[in-house]
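Notes for the one structure printed next.
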Ligand SMILES: [Zn+2]
């Protein structure tokens, strides 16, 4: 039972709250605890008047490959650092299902992006597993959003 939660604290000094979807023993969870807690970071976004939003889409990225794509827009700097630490990259905003954002986007037009790729002829069970992964990702990200669940959009693009 002495996973995270008993002895570990976030960078801001707060402890993980029982009952919240917090850190399991997954590496990405261990990484998140190195940053401020979701409450402090969502408060920071509020103070900066940054309405952090998440867009989840399916994109066709090449002839035989598609990906579930998560894009986090208008994140405070520390959330960006955290996302970078758990595998997100900084790119421009996607325009539609066929047009991912450019790598060379100008400041202010950038999002934090994660792609979960699969071949178009993949076993459907693998695709279902990826969907479960996306859902789990939204569960831990939601508390970082000033608007909470309302700030998560599916099949909508940030542009
Ligand atoms: Zn905190």
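In the working numbering, the protein residues as written are 4 to 162. Note that beta-carbon positions come from the ideal geometry of N, C-alpha and C, so glycine has one too. Predicted model only: the values in this text are computed from it and were never measured.
- In chain order, 57 place their CB closer than 7 Å to the CB of residue 144, counting only its own chain and leaving out the 5 sequence neighbours on each side.
- DSSP links residue 116 through a beta bridge to 74, 92.
- Going by DSSP, residue 36 is part of no beta strand (DSSP E) at all; its letter is neither H nor E.
- Of all residues, those with a beta-carbon under 5 Å from at least one heavy atom of ligand 1 are 15, 17, 40, 43, reported in chain order.
- In the DSSP assignment, residue 132 forms no beta bridge with any residue.
- Only residues of its own chain outside the window of five on either side were considered, and among them 60 have a CB closer than 7 Å to the CB of residue 158, listed in chain order.
- Residue 13 sits in coil when the DSSP states are folded into three classes, being neither helix nor strand.
- Membership of residue 156 in the beta strand (DSSP E) is indicated by the continuous run 155-157.
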